[in-house]
Structures are given as C-alpha cells and as structure tokens.
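Below is one structure, written out as structure tokens, with a few remarks after it.
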Amino acid sequence: MENRYANQSTQRRAKWWLYALLVFLVLQILMAMYYDQEPAFFNVKANAEQRAAAHNHDLMVTGFTSGATFMQVTDVLLNKPGGYMSNDVMPPFVLMDNIPNWEYGVLVQVRDFARVMRNDISRSQSQSEEDVDLTAADPKFHNDNDKWIWPRTEGRYREGQKHFHDYLTRLSDPSKPDAQFFARTDNLVTWLNLVEKRLGALSQKLSASVGQDRVNTDTGGDEVATTSTYKPSELRVQTPWLQIDDNFYEARGATWALIHFMKAVEVDFKGVLEKKNALVSMKQIVRELEAAQDTIWTPMILNGSGFGFFANHSLVMASYISRANAGVIDLRQLLEDG
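Once you know that position 307 of the sequence shown is 306 in numbering that gives the first Met the number 0, the rest is easy, because the numbers rise by one and skip nothing.
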C-alpha cells in the first residue's frame with residue numbers, strides 16, 4: 000500500500016515537473032517571438048528637434064541633426080525591447096541569432112560614423128587637434144560586441160554615448176566654439192567611401208548564398224601588383240547554410256542604420272548637396288535602402304536557387320544593396336568631380 004502511494008506521489012511530481020517544463024518552453028517561445036522584432040524607423044528631424052529642446056536650444060546648429068541621429072541609433076541599439084542581446088547568455092536570448100546579427104550590422108555603421116566624426120568631420124584640417132569627447136567616445140564603440148563579463152559591452156557603449164552627448168552639448172553651445180561639425184565636401188566623401196566598402200562587402204556575402212564561381216579580381220588587372228599568398232584565378236564562393244540568415248539580418252541592421260544616417264547627412268550637408276545638384280542622388284540611395292527593409296512574409300529566410308521554384312531572400316537583399324551601392328559610388332564621384 001505504501002509503495003502504491005509512493006508511486007502515485009512520484010507520478011504526480013513528475014507530471015507537475017513536465018507541466019512546468021512545458022509552460023517554461025511556451026513562455027520562452029513567446030518571449031523569443033516578441034523580442035525577435037526589428038525596431039521601427041524614427042524621424043531624424045523630429046528626433047533632432049526633441050533633443051534640441053532638451054538642450055534648451057531653439058536653433059539647431061550645423062551637425063546637430065547628425066549627432067542627434069547617432070544618439071538615437073545607439074539608443075535603439077541598447078534600449079529596444081529585450082535590450083542589447085549580442086552578449087546575453089540566458090534563454091531565450093542565447094538561442095536567438097537574428098536580432099544579434101541585426102545589432103552587429105547597426106554597430107558597424109555606428110563605429111564607422113563615430114570614427115569619421117572623430118578623424119574628419121569635427122576637424123578643420125589634418126593638422127588640427129581632435130575633439131576631446133569624440134576622441135574618448137570612438138574607442139568605446141569598438142569594444143567586443145559579445146562580451147558579457149566586466150567590462151560588459153553595454154557599459155562601454157553607454158560610456159561612448161555619454162562622451163558623444165557631451166560633444167553634442169558643446170556643439171550647440173555658442174560659447175564653446177571648440178566643438179565643430181565641418182559640413183564640407185571632402186568630409187562627406189570620406190564617409191561615403193566607407194559606406195561604399197561596407198555595402199559592397201554585404202552584397203558579396205549575400206550573393207554567395209547560392210554559391211558562385213568568381214574571377215579573382217584582387218590585383219585589379221595591375222600587371223605588377225602582387226599578393227602575400229597565392230590565390231587561384233577563379234574562386235568558388237558559397238556561404239555555409241547556417242550562416243545565410245546571419246548575413247541577411249546583418250544587412251538588415253546595416254541598412255536600417257544607414258537610412259537614418261543618410262537622412263541626417265542630407266540635412267546637415269544640404270548646402271554641399273545642393274551646390275553639386277546631388278540631393279536627388281541622395282534621396283534615391285535612401286529609397287533603395289528602404290526597399291531592403293520591406294516586411295519579410297515567411298517565418299524563415301528562404302534560400303532557393305537564383306531562378307528556382309523557391310525565393311532567395313539573400314539575392315533580393317543583395318540586389319537592393321547593390322543598387323544603393325551604385326548610387327553611393329555615383330554620388331561620391333559627383334561630389335569629387337562636380
């Protein structure tokens with residue numbers, strides 16, 4: 000009799016543990032579905048106006064829109080639902096990879112913009128001194144993106160935010176002319192050069208989703224050019240199956256950040272763009288990048304062949320990014336030659 004009661008008690012406990020496990024798994028799935036949503040766009044002009052009001056300045060100086068956009072992009076990166084996920088080690092975040100790859104795409108653009116702000120846009124010429132706050136902010140954003148032990152990634156990035164906020168405060172203060180934003184053609188071209196390389200790399204990675212035979216163009220046809228190690232004249236390039244969605248969401252994050260930076264640059268470099276008749280080119284680049292942000296209607300990233308029965312999301316994304324990159328190249332050449 001006692002054995003029977005003991006067996007029944009054991010069975011009841013096992014059932015409760017099973018129910019608890021099922022509830023836990025359902026909650027984790029629901030949380031993952033909720034946090035696996037890409038952040039929405041924000042209006043760069045409205046964001047700049049709000050931050051200007053917070054700084055008690057009615058008139059936004061040149062560069063304030065770009066600085067305010069940088070602050071908001073990093074705010075979204077760190078404070079979206081679920082927070083910053085790339086260094087999380089607890090479920091469900093440790094099992095999620097779409098948003099962490101999206102975060103990395105955003106982070107690369109943040110790093111590039113911070114570096115150009117430090118080295119070029121805030122300086123009048125190569126012999127001038129660096130801005131103290133941008134000099135302090137830039138390396139903070141280059142901390143490992145997945146570090147969860149001290150110093151944690153988020154802490155470093157927030158330190159960079161604080162220094163950038165201090166720069167923005169000085170920039171909007173007429174009594175502190177040491178903080179500057181030089182909206183010149185050469186500074187815009189420097190940033191566009193970086194954008195061009197990033198978009199080109201993303202396009203190549205996305206296009207390799209189906210496997211390609213590529214001609215080795217490393218030496219660019221230069222007869223006397225050499226390389227450190229030998230590479231064949233033709234290469235077979237194919238993205239590993241498990242990495243396809245990683246590349247896709249990295250591209251989604253990069254294009255999301257670039258759309259906002261492009262719109263901010265359009266405001267602060269308006270005089271330069273108008274003089275070169277390049278405003279239309281900038282708007283077309285933004286249009287192509289926005290197309291890369293269209294809603295995904297399937298529960299997973301499909302990887303059909305180029306002209307096969309199933310869609311290939313990577314090739315569609317690569318098409319939009321390639322068109323945007325072509326626009327960036329044309330815009331840069333127009334600014335340099337016009």
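Note that beta-carbon positions come from the ideal geometry of N, C-alpha and C, so glycine has one too.
Membership of H259 in the alpha helix (DSSP H) is indicated by the continuous run I243 to D267. Taking the C-beta atoms as reference points, S85 is found nearer than 9 Å to Y103. In this structure, the straight-line span from the alpha carbon of K275 to that of F180 is close to 20 Å.
At a Cβ-Cβ threshold of 9 Å, R322 and E265 do not count as neighbours. In the DSSP secondary-structure assignment, N311 is bridged to N302. The three-state secondary structure of W296, taken from DSSP, is coil. Three or more beta-carbon pairs separated by less than 8 Å link the stretch 196-206 to the stretch 236-253, which places the two stretches in contact. Take Q71, set aside five residues on each side of it, and the residues of its chain with a beta-carbon closer than 7 Å to its own are F41 and N46, in chain order. At a Cβ-Cβ threshold of 9 Å, Q108 and A256 count as neighbours. Here D96 carries a coil assignment [DSSP, helix/strand/coil].
The distance from the Cβ of R110 to that of F140 is about 5 Å, consistent with a contact at the 8 Å cut-off. Burial state of D137 is buried, judged by a 10 Å Cβ sphere holding 16 or more other Cβ atoms. The shortest C-alpha to C-alpha distance from V75 to any of L94, I98 and V60 is the one to I98. Following the DSSP letters along the chain, one finds D137 inside the alpha helix (DSSP H) bounded by residues V131 to K139. DSSP places N46 in the uninterrupted alpha helix (DSSP H) bounded by V43 to A53. The beta carbon of A67 is closer than 6 Å to those of N46, A47 and R50 in its chain, skipping five residues each way along the sequence. If you check the CB distance, Y156 and L77 come in under 9 Å.
In the pairwise beta carbon analysis, the stretch 304-315 is classified as not touching the stretch 169-180: fewer than three pairs are separated by under 8 Å.
The Cβ atoms of R251 and W101 sit closer than 9 Å to each other.
Around the CB of F163, 16 or more other CB atoms lie within 10 Å, so the residue is classed as buried.
In the DSSP assignment, G199 falls within the alpha helix (DSSP H) that extends over T184 to S206.
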